[in-house]
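Here's the structure, in structure tokens; my notes come after.
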């Protein structure tokens with residue numbers, strides 16, 4: 001599995017009645033692929049996985065795998081409270097033809113270090129699929145420490161880490177400890193350029209859902225050593241990237257997709273679409289970004 005590059009954590013598209021809108025979903029996938037992304041991640045926070053039924057997740061995964069048809073890897077996110085449910089999705093992802101897994105620590109229960117390591121190892125040992133550990137203690141309250149990763153290094157298919165600790169120096173700590181044993185991907189849009197410069201090989205991105213060309217351009221420019229050019233785009237991008245680090249990131253990014261013509265703002269309850277001052281403020285950020293977007 002090549003974890004290098006830009007991996008959009010795509011949103012799930014809905015009709016106004018709440019049903020899956022696969023046509024609009026595929027339209028956005030085309031936009032991502034045409035812009036040069038390197039993989040697709042399903043079922044993350046942006047994908048509103050927690051409000052999808054099991055049948056819908058299966059449909060979304062199978063249809064995406066079929067539509068992508070091997071052009072880039074399709075990664076399924078696992079965010080479950082029970083180990084048996086995580087094992088179910090690891091097996092199902094393999095059956096449906098997914099290329100890999102992204103996995104969070106156990107949800108809801110605050111597991112200790114031994115329990116988290118056992119959870120990850122149990123899932124890893126159940127599948128041949130390569131895995132990326134999603135380390136996000138800010139939002140999900142469980143820190144996967146460097147010592148825990150040392151234990152996980154025994155599992156050859158645990159290959160990558162979505163680095164979302166908000167501590168840029170953690171990239172250097174991980175490289176100092178493990179070299180290239182784990183592939184590091186930035187999982188926080190507002191820290192992406194910084195982490196890429198410090199040695200991250202990829203970017204699990206959010207605003208890419210609406211702005212894939214600019215996201216891919218930043219990544220490619222860094223790889224080419226054109227740091228000043230990357231910095232110029234990143235400075236333009238930052239007000240938009242900050243929409244990714246808010247509890248309403250789903251509503252914000254879906255509204256951006258709608259303004260860019262590659263999505264809709266329809267969300268599932270308990271989420272609601274934006275209204276009032278908040279909507280005006282977020283739309284101003286989006287429309288200003290579109291108005292001033294750089295030529296790529």
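Residue numbers (our numbering): 1 to 296. Beta carbons are placed, not taken as given, at the ideal position from N, Cα and C, and that holds for glycine.
Item to check | As assigned by DSSP and simplified to three states, the class of residue 205 | outcome: strand
Checklist entry - Could you give the residue range of the beta strand (DSSP E) that holds residue 162? => result 158-163
Checklist entry - Below 8 Å, can you find three or more Cβ-Cβ pairs linking the region 169-188 to the region 141-150? => result yes
Next on the checklist: The beta strand (DSSP E) that contains residue 74, what's its start and end?
Outcome noted: 74-78
Checklist entry - Pick from 168, 155, 104: whose alpha carbon is nearest that of residue 141? => result 104
Checklist entry - Can you name, in chain order, every residue of its own chain whose Cβ lies under 8 Å from the Cβ of residue 190, other than the five neighbours on each side? => result For residue 190, where only same-chain residues beyond five positions count, the Cβ hits under 8 Å are 238, 241, 242, 244, 245.
Checklist entry - Can you name, in chain order, every residue of its own chain whose Cβ lies under 7 Å from the Cβ of residue 137, other than the five neighbours on each side? => result 143, 165
Next on the checklist: So for residue 170, helix, strand or coil by DSSP?
Outcome noted: Assignment of residue 170 by DSSP, reduced to helix, strand and coil, places it in the helix class.
Checklist entry - Which of the three DSSP states, helix, strand or coil, is assigned to residue 131? => result strand
Checklist entry - Expressed to the nearest angstrom, what Euclidean distance is found between the alpha-carbon atoms of residue 85 and residue 77? => result 12 Å
Checklist entry - What are the partner residues of residue 9, as DSSP defines its beta bridges? => result Answer by DSSP bridge pairing, in chain order: 41.
Checklist entry - Taking residue 279 as the reference, which of 295, 270, 218, 265 has the closest Cα? => result 265
Checklist entry - If residue 67 sits next to residue 29, beta carbons under 8 Å apart, how far is it from one beta carbon to the other, in whole angstroms? => result 6 Å
Next on the checklist: With DSSP as the reference, identify every bridge partner of residue 186, one or two as the case may be.
Outcome noted: DSSP links residue 186 through a beta bridge to 163, 203.
Next on the checklist: Going by DSSP, what residue range makes up the alpha helix (DSSP H) through residue 289?
Outcome noted: 276-291
Next on the checklist: Under 8 Å, with one C-beta from each stretch per pair, do the region 184-204 and the region 107-120 reach the 3-pair mark?
Outcome noted: no
Next on the checklist: Which same chain residues end up closer than 6 Å to residue 108 when comparing Cβ atoms and leaving out the 5 residues on each side of it in sequence?
Outcome noted: Cβ within range, chain order: 81.
Checklist entry - Nearest to residue 196 by alpha carbon, out of 39, 52, 215, 46? => result 215
Item to check | Residue burial classification, residue 125 (beta-carbon count within 10 angstroms, cutoff 16) | outcome: Exposed, by the Cβ-count rule.
Next on the checklist: Checking the sheet assignment: what are the DSSP bridge partners for residue 253?
Outcome noted: For residue 253, DSSP records no beta bridge to any residue.
Checklist entry - Of the choices 230, 73, 11, whose alpha-carbon is the least far from that of residue 295? => result 230
Item to check | alpha helix (DSSP H) segment containing residue 33, residue limits | outcome: 22-34
Checklist entry - Secondary structure at residue 103, three-state DSSP: helix, strand or coil? => result Strand at residue 103.
Item to check | For residue 211, the three-state DSSP class (helix, strand or coil) | outcome: Secondary structure at residue 211: coil, using DSSP grouped into helix, strand and coil.
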